[in-house]
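Colleague: Structure provided below as structure tokens; questions to follow.
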Amino acid sequence: MGVTLSELAVRFGCELVGNPDQLVSSLGTLEKAGPGSVSFLANPAYRKFLPGTRAGVVILSKKDLDSCPVSALVCNNPYTVYARVAQLLHPAETAVPGIHPSAVIESTARVSKSAQISALAYVGEGAEIGDRVVVGAGCIVEAGANVGADTHLVGRVYLGKRVSVGQRCILHPGAVIGGDGFGLAPDPDGWVKVPQLGSVRLGNDVEIGSNTTVDRGALEDTVLEDDVRLDNQIQIGHNAYIGAHTAMAGGCLVAGSSLIGKNCLIAGDVGIAGHLVIADGVTITARTLVNHSITQEGGVYSGALPMDEARNWRRNSARFRDLNQLARTVNKLAKESAEPEQES
Amino acid sequence: MGVTLSELAVRFGCELVGNPDQLVSSLGTLEKAGPGSVSFLANPAYRKFLPGTRAGVVILSKKDLDSCPVSALVCNNPYTVYARVAQLLHPAETAVPGIHPSAVIESTARVSKSAQISALAYVGEGAEIGDRVVVGAGCIVEAGANVGADTHLVGRVYLGKRVSVGQRCILHPGAVIGGDGFGLAPDPDGWVKVPQLGSVRLGNDVEIGSNTTVDRGALEDTVLEDDVRLDNQIQIGHNAYIGAHTAMAGGCLVAGSSLIGKNCLIAGDVGIAGHLVIADGVTITARTLVNHSITQEGGVYSGALPMDEARNWRRNSARFRDLNQLARTVNKLAKESAEPEQES
Amino acid sequence: MGVTLSELAVRFGCELVGNPDQLVSSLGTLEKAGPGSVSFLANPAYRKFLPGTRAGVVILSKKDLDSCPVSALVCNNPYTVYARVAQLLHPAETAVPGIHPSAVIESTARVSKSAQISALAYVGEGAEIGDRVVVGAGCIVEAGANVGADTHLVGRVYLGKRVSVGQRCILHPGAVIGGDGFGLAPDPDGWVKVPQLGSVRLGNDVEIGSNTTVDRGALEDTVLEDDVRLDNQIQIGHNAYIGAHTAMAGGCLVAGSSLIGKNCLIAGDVGIAGHLVIADGVTITARTLVNHSITQEGGVYSGALPMDEARNWRRNSARFRDLNQLARTVNKLAKESAEPEQES
Numbered sequence: 114m115g116v117t118l119s120e121l122a123v124r125f126g127c128e129l130v131g132n133p134d135q136l137v138s139s140l141g142t143l144e145k146a147g148p149g150s151v152s153f154l155a156n157p158a159y160r161k162f163l164p165g166t167r168a169g170v171v172i173l174s175k176k177d178l179d180s181c182p183v184s185a186l187v188c189n190n191p192y193t194v195y196a197r198v199a200q201l202l203h204p205a206e207t208a209v210p211g212i213h214p215s216a217v218i219e220s221t222a223r224v225s226k227s228a229q230i231s232a233l234a235y236v237g238e239g240a241e242i243g244d245r246v247v248v249g250a251g252c253i254v255e256a257g258a259n260v261g262a263d264t265h266l267v268g269r270v271y272l273g274k275r276v277s278v279g280q281r282c283i284l285h286p287g288a289v290i291g292g293d294g295f296g297l298a299p300d301p302d303g304w305v306k307v308p309q310l311g312s313v314r315l316g317n318d319v320e321i322g323s324n325t326t327v328d329r330g331a332l333e334d335t336v337l338e339d340d341v342r343l344d345n346q347i348q349i350g351h352n353a354y355i356g357a358h359t360a361m362a363g364g365c366l367v368a369g370s371s372l373i374g375k376n377c378l379i380a381g382d383v384g385i386a387g388h389l390v391i392a393d394g395v396t397i398t399a400r401t402l403v404n405h406s407i408t409q410e411g412g413v414y415s416g417a418l419p420m421d422e423a424r425n426w427r428r429n430s431a432r433f434r435d436l437n438q439l440a441r442t443v444n445k446l447a448k449e450s451a452e453p454e455q456e457s
Numbered sequence: 114m115g116v117t118l119s120e121l122a123v124r125f126g127c128e129l130v131g132n133p134d135q136l137v138s139s140l141g142t143l144e145k146a147g148p149g150s151v152s153f154l155a156n157p158a159y160r161k162f163l164p165g166t167r168a169g170v171v172i173l174s175k176k177d178l179d180s181c182p183v184s185a186l187v188c189n190n191p192y193t194v195y196a197r198v199a200q201l202l203h204p205a206e207t208a209v210p211g212i213h214p215s216a217v218i219e220s221t222a223r224v225s226k227s228a229q230i231s232a233l234a235y236v237g238e239g240a241e242i243g244d245r246v247v248v249g250a251g252c253i254v255e256a257g258a259n260v261g262a263d264t265h266l267v268g269r270v271y272l273g274k275r276v277s278v279g280q281r282c283i284l285h286p287g288a289v290i291g292g293d294g295f296g297l298a299p300d301p302d303g304w305v306k307v308p309q310l311g312s313v314r315l316g317n318d319v320e321i322g323s324n325t326t327v328d329r330g331a332l333e334d335t336v337l338e339d340d341v342r343l344d345n346q347i348q349i350g351h352n353a354y355i356g357a358h359t360a361m362a363g364g365c366l367v368a369g370s371s372l373i374g375k376n377c378l379i380a381g382d383v384g385i386a387g388h389l390v391i392a393d394g395v396t397i398t399a400r401t402l403v404n405h406s407i408t409q410e411g412g413v414y415s416g417a418l419p420m421d422e423a424r425n426w427r428r429n430s431a432r433f434r435d436l437n438q439l440a441r442t443v444n445k446l447a448k449e450s451a452e453p454e455q456e457s
Numbered sequence: 114m115g116v117t118l119s120e121l122a123v124r125f126g127c128e129l130v131g132n133p134d135q136l137v138s139s140l141g142t143l144e145k146a147g148p149g150s151v152s153f154l155a156n157p158a159y160r161k162f163l164p165g166t167r168a169g170v171v172i173l174s175k176k177d178l179d180s181c182p183v184s185a186l187v188c189n190n191p192y193t194v195y196a197r198v199a200q201l202l203h204p205a206e207t208a209v210p211g212i213h214p215s216a217v218i219e220s221t222a223r224v225s226k227s228a229q230i231s232a233l234a235y236v237g238e239g240a241e242i243g244d245r246v247v248v249g250a251g252c253i254v255e256a257g258a259n260v261g262a263d264t265h266l267v268g269r270v271y272l273g274k275r276v277s278v279g280q281r282c283i284l285h286p287g288a289v290i291g292g293d294g295f296g297l298a299p300d301p302d303g304w305v306k307v308p309q310l311g312s313v314r315l316g317n318d319v320e321i322g323s324n325t326t327v328d329r330g331a332l333e334d335t336v337l338e339d340d341v342r343l344d345n346q347i348q349i350g351h352n353a354y355i356g357a358h359t360a361m362a363g364g365c366l367v368a369g370s371s372l373i374g375k376n377c378l379i380a381g382d383v384g385i386a387g388h389l390v391i392a393d394g395v396t397i398t399a400r401t402l403v404n405h406s407i408t409q410e411g412g413v414y415s416g417a418l419p420m421d422e423a424r425n426w427r428r429n430s431a432r433f434r435d436l437n438q439l440a441r442t443v444n445k446l447a448k449e450s451a452e453p454e455q456e457s
């Protein structure tokens, strides 16, 4: 079994350097791959493993070709080609049509005959499960929610009432889509809960990481457009809007009613305050607190200090408490220095 | 159907400007509401939508009345009145008494006849479920836990053994109340687990967000007093105590044994170190690390740097590594400048 | 019932000061313990409660003995001895062999006769559940996963396909082990998902907190070695490696492919960027962003600013935006000051 290098080259538009009839059938890292495996070089940090690799073929950029001791598939975007080769060799599992005897489907739910409803899953009244959908073990799809064709709820996913999920989405375990937003109004006797009457709409090709939460809107919906990709442990507040193709790494917190553009790259642990607007194509580096809107398309923003050895850190951070006074002193000295003749 | 403006004005103590017999039946934003809807203006950022609104009536403060093109309900606290109107028009769902056939109730559990136990929920030995409680789909109530009247476990909530939840609480999906605290003692052979023998007590009217975790105490209980409100993805360590009416936004981390006062407002992603005391009425802004006790009632504390364009940020943060040296240089220059005659 | 002080002293290598035949049967804090209880003093913050304690016996260090008004067990490591005494008096629950009628076990799963499979738990095809394992209520063990002897999946734990868990581990509710890593390759039409073909391997004596997530590797496995201890709400990215005995407090985020040494102590909310190496025995203080490798064994690193009263904070953080310019001004002034004769 396997696929020839020539087929890979043709399918994915690479230049092949090596034997076109060579067969490969698996994947591996440069360090560990054997002769039947495809490997790749995308991150320069791993370039050191290229000369010693025993992979069957390496997907790489032209600039790395000379250091490659084995066959090569040369292209401009090795990581993307690698992803496509991996999908070819390891296609995603598809739905096994049918309903596990331990699953619970309420009488008015509509479940496609081609869908898979796994063990101990629940589909509520009026919910709709599309063609070839996988509802994994322990998933809960509350009343009125709907799940588009070919979407996978991997396992133990929670979809709240009336939540709408597009096609070809992947929702990972522990994700909660459509919990209440955090809406509270102050009153002398305590907090008054603001009913959260909106829902959540996920576009097509959206991916939601493990234990990530997306709250339902207060009045209108919280919206994630097509191909939005969220990693694990992320929180999206009510009425947030995230534009198409935007990706967000683990632990990000997006407060309510913020509008994030399309094609943004948001690194891990970024916090985004509420009621902001972020332009398209913005990059935000890890652990930045975004506390005002960003209007510059394609801008890059940061906000995290680099760590230091603890002793240095303590000295420097102690000085931070007096930074304003320090700056005032400097300004005074600079002024004196600039006007010496007036003082004499 | 619907309610008249005069009824709203009387019920919620507003001054009505408009036709008392006008009917409204739904809710909407200033931008999108139609003539049958109630809207509100509380956040100044949305004031720009007031002159063009087509809402049936707007709940607002006196100062905004002149810009309102439609009927108005004038009051001092528009957001709170809006919340109450929303609760009137969209009352929370109530328990549908009964036990779903797929739910599992152990023989010694006591479940009120007026409670709703939903699909695939579990109620362990000796657990008590009060009147009109909703135990949503997939919830797990372990042995000996008890849930007070009118509380909603929305779905897939986990209550550990002997956890106690008060009345009228709302716990959102994925919340884990009563997991073990993180207690480890060092030993040459590795970590020795410290048994977590306490429990968790939640007061009345407590709300717990999706995927939030509250650990059980080591010896005594972890306690959240009445009307504490926690957003999503929060972690509360063992033996923490949170006073009444304190609200905490998404992603906060509270380490063990800290005592937080009542009526505190804690913004998103705040970290609170262990064994601290925070006074009543304290406000902490987003992403602050609280590393010492706060004794000043009603104080406001911060600790996050505002983001910057990445190039500027890099330059400034590189200088931070030498801030102590910079301050020493400034102090030396200031001293020289103050004593010029001694040097000559 | 109970145990004598002499037995505790002998078992745990303490010097006993007091009546060897005195019986104790429970545990308590210095403040609240009664005469039948064992208490301990480890954190100096609680020393103030020692003189007034009514505990039956206090586990403490020699230096605190003089202030102890009751019997004492004197040792070098009171917290560790306390942990062992607590384990003696409150042994962890053991598996009650058998399969709850509501649990679902697929036909090719292998479940030890001494294991406990609780209500509404699921064990997939080919999964293996070892001797005396507890699979708590609502846990999901996907196909091909295996769980070593004496491990406890407390409740609602999710183990993805082929995940391997060692012996004597404890996994708390909501933990997700083996969700997909966040692997995306850019393409003009949108993101291309990189199949996550590796798995997760947990060693022996690993503890995983509530709602913590550990992603499966892209090609090879994500690995946590023996006695790794993770608190709640932590995210471990694909292909991370964590050495034996390393402990990590709540909310930490570890990006993909980072290698963390053994015996590290990582405080709460630490972020660790991807593809880094951290040496053995490193300590990282709360909320540090680790953005480069750490080669110094046993080093201590920090990166979080201490909070301040909000008004001071605003002034200082505003100055941070001009820190580079400030430093340039100071350097210029220092140069002028050092070379006064050359200027005249």
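Residue numbers (this note's numbering), protein chains in the order written: chain G, 114 to 457; chain S, 114 to 457; chain C, 114 to 457.
The C-beta atom is built at its ideal place from N, Cα and C for all residues, glycine as well.
1. Three or more C-beta pairs closer than 8 Å, one from the segment 333–342 of chain G and one from the segment 305–318 of chain G: is that the case here?
2. Below 7 Å on C-beta distance, what does residue 429 (chain C) contact in chain G?
3. Got a sec? Which residues, its chain only, sit under 8 Å from residue 457 (chain G) by beta carbon, not counting five neighbours each side?
4. Return the residue from the list G:359, G:343, G:330, G:300 that minimises the CA-CA distance to residue 273 (chain G).
5. At a Cβ threshold of 8 Å, is residue 295 (chain C) touching chain G?
6. Taking the alpha carbon of residue 384 (chain S) as the reference point, which residue from S:364, S:168, S:275 has its own alpha carbon closest?
7. Can you tell me which of the three DSSP states residue 446 (chain C) falls into?
8. On a Cα-Cα basis, can you pick out the residue from G:283, G:173, G:139, G:184 that is closest to residue 154 (chain G)?
9. Comparing the C-beta of residue 156 (chain S) with each C-beta of chain G, is any distance below 8 Å?
10. With residue 125 (chain C) as the anchor, note down where its alpha helix (DSSP H) starts and where it stops.
11. Could you spell out where the alpha helix (DSSP H) holding residue 198 (chain S) opens and where it closes?
12. Where does residue 158 (chain G) fall in DSSP's three states?
13. Closer than 7 Å by C-beta to residue 185 (chain S): which residues in its own chain qualify, once you throw out the five before and the five after it? Chain order, please.
14. Taking the straight line between their C-alpha atoms, what separation do you get for residue 396 (chain S) and residue 354 (chain S)?
15. How about residue 306 (chain S): is its C-beta nearer than 8 Å to some C-beta of chain C?
16. Does the beta-carbon distance from residue 434 (chain G) to residue 134 (chain C) come in below 8 Å?
17. Only counting runs of 3 or more residues, tell me where the beta strand (DSSP E) segments fall wholly within the segment 279–362 of chain C, in order along the chain.
18. Any beta-carbon of chain S closer than 8 Å to the one on residue 374 (chain G)?
19. Report the residue from G:266, G:207, G:216, G:239 whose alpha carbon sits nearest the alpha carbon of residue 227 (chain G).
20. Which residues in chain G sit within 8 Å of residue 353 (chain C), going by Cβ to Cβ distance?
21. Select from the segment 130–147 of chain C all residues with a C-beta closer than 8 Å to any C-beta belonging to chain S, and list them in chain order.
22. Would you grab the beta carbon distance between residue 375 (chain S) and residue 388 (chain S) for me? Rounded to a whole angstrom, and I think it's under 8 Å.
23. Within its chain, find whatever has a CB closer than 6 Å to the CB of residue 391 (chain S); leave out the 5 residues flanking it on each side and keep chain order.
24. Could you tell me whether the Cβ of residue 208 (chain C) comes closer than 8 Å to any Cβ of chain S?
25. Per DSSP, which one or two residues make a beta bridge with residue 211 (chain C)?
26. To which residues of the same chain is residue 369 (chain S) closer than 7 Å at the C-beta, ignoring the five residues directly before and after it?
27. Can you find the residues in the same chain that come closer than 8 Å, C-beta to C-beta, to residue 242 (chain G), ignoring five residues on each side of it along the sequence?
28. Quick check: is the beta carbon of residue 265 (chain S) nearer than 8 Å to any beta carbon in chain G?
29. Between the C-alpha atoms of residue 190 (chain S) and residue 198 (chain S), what's the straight-line distance to the nearest angstrom?
30. Nearest-angstrom Cα distance between residue 232 (chain S) and residue 326 (chain G)?
31. So, helix, strand or coil for residue 132 (chain G), using DSSP?
32. Interface residues of chain G around residue 299 (chain C) at Cβ under 7 Å?
33. Taking the C-alpha atoms as reference points, what is the distance between residue 138 (chain C) and residue 437 (chain G)?
Modeller: Considering the structure as presented:
1. Contact between the segment 333–342 of chain G and the segment 305–318 of chain G is present, because at least three Cβ pairs lie under 8 Å.
2. By Cβ distance, chain G contributes 433, 434, 436, 437.
3. Residue placement at residue 457 (chain G) is poorly supported in this model, since its pLDDT is 44, which falls under 50; the coordinates still yield a value, given next. None.
4. Nearest option by C-alpha distance: G:330.
5. With respect to chain G, the C-beta atom of residue 295 (chain C) has a partner C-beta closer than 8 Å.
6. That would be S:364, whose Cα lies nearest to the Cα of residue 384 (chain S).
7. In the structure shown, residue 446 (chain C) sits in a helix (DSSP, three-state: H, G or I).
8. That would be G:173, whose Cα lies nearest to the Cα of residue 154 (chain G).
9. So yes, residue 156 (chain S) belongs to the interface.
10. Element bounds for residue 125 (chain C): 118–125.
11. Where residue 198 (chain S) is concerned, the enclosing alpha helix (DSSP H) stretches over 191–202.
12. Reduced to three states, the DSSP call for residue 158 (chain G) is helix.
13. The residues are 130, 131, 170, 171, 173, 178.
14. In this structure, the alpha-carbon of residue 396 (chain S) lies about 17 Å from that of residue 354 (chain S).
15. At least one C-beta of chain C is nearer than 8 Å to the C-beta of residue 306 (chain S).
16. In this structure, residue 434 (chain G) lies away from residue 134 (chain C), with their beta-carbon atoms at least 8 Å apart.
17. As far as the segment 279–362 of chain C is concerned, its whole beta strand (DSSP E) runs of at least 3 residues are 289–292, 297–300, 303–306, 313–315, 326–328, 335–337.
18. Interface annotation, residue 374 (chain G): not in contact with chain S, CB-CB separation never under 8 Å.
19. Restricting attention to G:266, G:207, G:216, G:239, the CA atom closest to the CA of residue 227 (chain G) is found in G:207.
20. Those within 8 Å of residue 353 (chain C) in chain G number zero; the least Cβ separation is about 11 Å.
21. The residues in question are 140, 141, 142, 145.
22. Residue 375 (chain S) to residue 388 (chain S), Cβ: 19 Å. No contact.
23. Closer than 6 Å at Cβ, skipping near neighbours: 373, 374, 407.
24. Closer than 8 Å: no.
25. Beta-bridge pairing by DSSP links residue 211 (chain C) to C:229.
26. Within its own chain, the residues whose Cβ lies closer than 7 Å to the Cβ of residue 369 (chain S), once the five positions on either side in sequence are excluded, are 294, 350, 351, 352, 353, 387, listed in chain order.
27. Within the same chain, Cβ atoms closer than 8 Å to the Cβ of residue 242 (chain G) are found at 222, 223, 224, 225, 228, 230, 236, 248, 254, 259, 260, the five residues on either side in sequence being excluded.
28. Closer than 8 Å: no.
29. A straight line joining the alpha-carbon of residue 190 (chain S) with that of residue 198 (chain S) spans about 12 Å.
30. Computed Cα separation, rounded: 22 Å.
31. Coil, per DSSP.
32. Annotation: Cβ neighbours of residue 299 (chain C) in chain G (cutoff 7 Å, chain order): 193.
33. Computed Cα separation, rounded: 58 Å.
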